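Sequential numbering of the sequence shown, starting at 0, is according to numbering that gives the first Met the number 0.
All remarks here apply to the structure that follows.
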Amino acid sequence: MSFKVTILGSSGAMPAYGRHTSAQLVEIQNRYFLVDCGESVQIQLARFQANVHRIDHILISHLHGDHYLGLMGLLFTMQMQRRTEDLHLYSYKGLDEIITAHLRYSQSTLAYRVIFHSLQPDAREIIFEDNALTVETIPLLHKIKCSGFLFREKPKPKRIDKTRMPEGLLLQQIASLKRGEDVYDNDGMVLYKNEEYTLTARRSRSYAYCSDTAYYEHIVEQIQHVNLLYHESTFIQEDESKAKETKHSTAIQAATIAKLANVDKLLLGHFSARYKDLTPILDEAKTIFPNAQLALEGEEITIQE
Ligand SMILES: [Zn+2]
Ligand SMILES: [Zn+2]
């Protein structure tokens, strides 16, 4: 089952050196989430051959322009491509008014519904849940209200050991075994002992998206042991005062959060336009947390089961 993050943009504040502002496509078991929506999002989606029709959920972390200015163009394109399915939009209040104003002044209507889910500041809340996964907000520390997003697969059923599967097993018996139960006959005797016919469940994977934020240890507990952490690292250590002033993080700070949270892997992004060469960002982060990688555009990060 798929669990993949595609980087569409990772430039902080403005495009620079061919890098575009924040956007990612997160695909989990055939569900597609667009996370942040920087101004080049449509170009980037096309460039990396993502299917716009499959995006049913758009999550916007906060209302700084570098995270949502691509949204209106995308909504209009979806209209021109005759979208009819509902689109769920998760963001802070105000974005609904911005969309309404655009539609009003262009005398446009959308043939599909945009269902707006308002994020609550400073709250951890589950904003999406189905049978396979949950998405929860991560309160961040930034100049304005800002939330990260934590994607987490639900515990998975046990797997049937096909090499040992008895002939003629009924569907309901398979379901019982997958739930970890034994299968009984009509007299209440154990027919199939669970451990003899099943393999352990595959692991449940997780991804935390944390942008934009100052160094904020409060998030450590919530993102403990995630498989993949995207943490903004706008600045190198030399510019730490700039990070403090703008409520962003340095690479060292991002790596420190990754280390404290015992994550498997760290993705660094939201790079300041002042740096052409990003090597120092990666090098600094690796001094604290070696399994780090730059979120470069087009990069696909897959988390194996
Ligand atoms: Zn930003
Ligand atoms: Zn911001």
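Glycine included, C-beta positions come from ideal geometry on N, C-alpha and C.
No experiment lies behind these values; they were computed from the predicted model shown.
*asked:* Between Gly-11 and ligand 1, is there a pair consisting of the residue's CB and a ligand heavy atom that are separated by less than 7 angstroms?
replied: yes
*Indicate, with yes or no, if ligand 2 has a heavy atom lying under 7 angstroms from the CB of His-141.*
Ligand 2 has a heavy atom closer than 7 angstroms to the beta-carbon of His-141.
*Have a look at the DSSP bridge pairing and note the partners of Ser-10.*
Thr-20, Phe-270
*My guess is that Ser-203 and Glu-135 are in contact by the Cβ rule of under 8 angstroms, so how many angstroms apart are they, rounded?*
Ser-203 to Glu-135, Cβ: 14 angstroms. No contact.
*Which whole-angstrom value is the C-beta distance of Thr-197 and Leu-169, which I expect to be below 8 angstroms?*
Incorrect: roughly 16 angstroms between the Cβ atoms, too far for contact.
*Where the beta carbon is closer than 5 angstroms to any heavy atom of ligand 2, which residues qualify, in chain order?*
Cβ atoms closer than 5 angstroms to ligand 2 belong to His-63, Asp-211.
*In whole angstroms, what is the alpha-carbon distance linking Ser-271 and Gly-64?*
15 angstroms
*asked:* Quick check: is any heavy atom of ligand 1 less than 7 angstroms from the C-beta of Ser-21?
replied: yes
*Apply the 10 Å Cβ neighbour rule to Pro-165 and answer buried if 16 or more other Cβ atoms are within range, or exposed otherwise.*
Of the residues assessed, Pro-165 falls on the exposed side of the cut-off, its CB having fewer than 16 other CB atoms within 10 angstroms.
*Are His-224 and Asn-185 closer than 8 angstroms when you measure CB to CB?*
no
*Using alpha carbons as the reference points, say which of Thr-301, Arg-81, Asn-50 lies closest to Ala-110.*
Arg-81
*Excluding the five sequence neighbours on either side, which residues of its own chain have a C-beta within less than 6 angstroms of the C-beta of Val-113, listed in chain order?*
Leu-86, Leu-88
*Got a sec? Which residues, its chain only, sit under 8 angstroms from Val-219 by beta carbon, not counting five neighbours each side?*
Ile-256, Leu-259, Ala-260
*asked:* If you measure between the beta carbons of Thr-212 and Glu-231, is that distance less than 8 angstroms?
replied: yes
*To which residues does DSSP link Glu-124 through a beta bridge?*
Per DSSP, none; premise fails for Glu-124.
*asked:* Is any non-hydrogen atom of ligand 1 found closer than 7 angstroms to the C-beta of His-66, if you look at the structure I gave you?
replied: yes
_Distance cut-off 7 angstroms: Ile-101 Cβ against heavy atoms of ligand 1_ = In the sequence under discussion, the amino acid at residue 101 is His, which differs from the Ile named in the question. Outside the cutoff, so no.
_N- and C-terminal bounds of the alpha helix (DSSP H) containing Leu-102_ = Unbroken alpha helix (DSSP H) run through Leu-102: 94-104.
*Of the choices Pro-154, Tyr-191, Arg-163, whose alpha-carbon is the least far from that of Gln-172?*
Looking at the Cα atoms, Tyr-191 is the closest of the given residues.
*Per-residue DSSP class, three states only, for Val-225*: coil
*Answer yes or no: do Ile-27 and Phe-47 have a C-beta to C-beta separation smaller than 8 angstroms?*
no
_Just to confirm before moving on: does the CB-CB distance between Leu-227 and Leu-267 stay below 8 angstroms?_
no
*On the DSSP bridge assignment, give the partners of Lys-292 in chain order.*
Here residue 292 turns out to be Gln, not Lys, going by the sequence shown. Leu-266, per the DSSP bridge assignment.
*Can you tell me whether Pro-138 is buried or exposed, with buried defined as 16 or more other CB within 10 angstroms of its CB?*
buried
*Along the alpha helix (DSSP H) that carries Pro-279, what are the first and last residues, could you check?*
Pro-279 -> alpha helix (DSSP H) spans 278-287.
_Alpha-carbon to alpha-carbon, Ala-22 and Ile-300_ = 14 angstroms
_Boundaries (first-last residue) of the beta strand (DSSP E) holding Val-40_ = Run containing Val-40: none in the beta strand (DSSP E); it sits in the alpha helix (DSSP H), 40-46.
*Sequence-distant residues of the same chain with beta carbon closer than 8 angstroms to Gln-236, five excluded per side*: Around Gln-236, the same chain offers Thr-249, Ala-250, Ile-251, Glu-283 as residues with beta carbons nearer than 8 angstroms, after the five sequence neighbours per side are excluded.
*Counting Cβ pairs closer than 8 angstroms, one from the stretch 0-16 and one from the stretch 38-46, do we hit at least three?*
yes
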